[in-house]
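Novice: Residue numbers (my numbering): 28 to 311.
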Amino acid sequence: MRATAIPPEHTNPPHPAGPSPGSEQQTAVDKALVLLKSLAEHDREVGVSELARRACLTKSTAFRLLGILQRNELVERVGSNYRLGAQLFDIGNRVYGPTPPLLQEWLLPHLADLYELTHETVHLAVLHGTEIVYVNKIHGHRAARSPSRIGARLPAYCTAVGKALLAFDHDAAEAAIEAGLPALTEYTLTDADRLRAELRRIRRDGIAYDRQEATLGLICVAVPVMGPLGRPVAALSVAGADHRFAPSRYADALRRVAYEAARAVVAARARGALPSGRGGQPEA
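(1) Can you have a look at Y256 and say buried or exposed, based on whether 16 or more other CB atoms are within 10 angstroms of its CB?
(2) Helix, strand or coil for H150? Go by DSSP, reduced to three states.
(3) Return the residue from the list L96, L151, A289, V153 that minimises the CA-CA distance to L66.
(4) Taking the alpha carbon of V56 as the point to measure from, which residue in E68, T88, H69, E72 has its own alpha carbon closest?
(5) Buried or exposed: which applies to A99, given that a residue is buried once 16 or more other Cβ atoms fall within 10 Å of its Cβ?
(6) With distances taken between CB atoms, is the gap from L263 to L192 smaller than 8 Å?
(7) When the Cα atoms are used, what is the spatial distance from F83 to A179?
(8) In angstroms with no decimal places, state the Cα-to-Cα distance between D237 and V248.
(9) Residue range of the alpha helix (DSSP H) that Y109 falls in?
(10) When the Cα of D232 is compared with those of Q239, A199, A210, R282, which residue comes out closest?
(11) Taking all protein chains shown into account, do 16 or more other C-beta atoms lie within 10 angstroms of the C-beta of H155, making it buried, or fewer, making it exposed?
(12) Closest to F272 by CA distance: which of Y161, E147, A79 is it?
(13) Determine which residues share a DSSP beta bridge with S264 and list them.
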């Protein structure tokens with residue numbers, strides 16, 4: 028029986044509920060975090076009165092906490108308004124360990140090569156647990172609607188980059204299956220045996236597909252970037268709208284670019300320019 032699709036925003040398990048804004052249980056840390064989240068929802072500077080209103084704080088409390096955040100470079104003051112600070116960017120880059128930012132730097136030229144060969148949306152992603160993290164993305168004027176953005180996470184089992192990585196990581200694949208395979212669309216593989224068979228095919232052929240499994244209307248094709256010991260350190264993909272995108276057309280370009288990218292990773296590791304490991308995890 029076909030699984031019922033659920034909206035993408037409901038695919039991740041909810042975080043434990045914290046104190047509601049303005050409640051007596053809120054600590055100063057809670058209130059400061061609410062202010063940061065409120066700032067993150069805007070693409071412009073915001074005044075203290077509006078931030079206090081959105082965070083359900085008094086203006087004096089918001090002003091005091093913003094001063095503390097400013098001293099720690101987590102927010103910046105622009106006139107009488109505030110915006111997120113550069114220190115948050117540095118902290119965010121370390122969320123998944125040291126390897127993804129370095130991979131982003133080393134593999135960017137290869138991602139650019141892939142874009143030049145395809146002129147479609149191209150991605151670089153790494154595996155983090157049972158999810159994939161997009162560490163780079165290039166798109167042109169024909170970009171298809173996609174949930175991908177730099178820093179975004181998606182379940183690995185329903186994306187081409189994710190399946191390309193799970194195929195070579197048995198423990199992560201089984202953990203994803205054990206956690207459940209909810210349907211993001213009507214095309215998502217939700218049967219464990221079918222997913223295992225798909226991963227076996229990917230290990231054999233070296234190429235993975237997402238045929239509207241993560242987002243309706245989006246087709247992707249991906250290959251792993253292999254590192255030392257035959258383990259992938261990342262995956263590259265090409266994506267496009269289903270009504271015009273033929274994924275097999277880009278398979279050869281993906282394989283060529285991934286081969287050159289793998290050579291660059293191995294050479295960088297040999298020189299000590301890249302630490303060993305996958306996604307910041309030590310190499311076995």
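Cβ atoms here follow ideal geometry from the backbone N, Cα and C, with glycine treated the same way.
Specialist: Put simply:
(1) Here the sequence assigns Leu to residue 256, which means Tyr is not the residue at that position. By the C-beta density criterion, L256 is exposed, having fewer than 16 other C-beta atoms within 10 angstroms.
(2) strand
(3) L96
(4) Out of E68, T88, H69, E72, T88 has the C-alpha closest to the C-alpha of V56.
(5) Note on residue identity: the sequence assigns Asn, not Ala, to residue 99. Flag for N99 reads exposed.
(6) No, the Cβ-Cβ distance between L263 and L192 is not below 8 Å.
(7) First, the residue type needs correcting, since residue 83 is Cys and not Phe in the sequence shown. C-alpha separation (whole angstroms): 28 Å.
(8) 6 Å
(9) No alpha helix (DSSP H) contains Y109, which is instead part of the beta strand (DSSP E) from 108-111.
(10) R282
(11) H155 is buried by the Cβ-count criterion.
(12) The candidate whose alpha carbon is nearest that of F272 is E147.
(13) According to DSSP, which records beta bridges pairwise, S264 is partnered with H150, A249.
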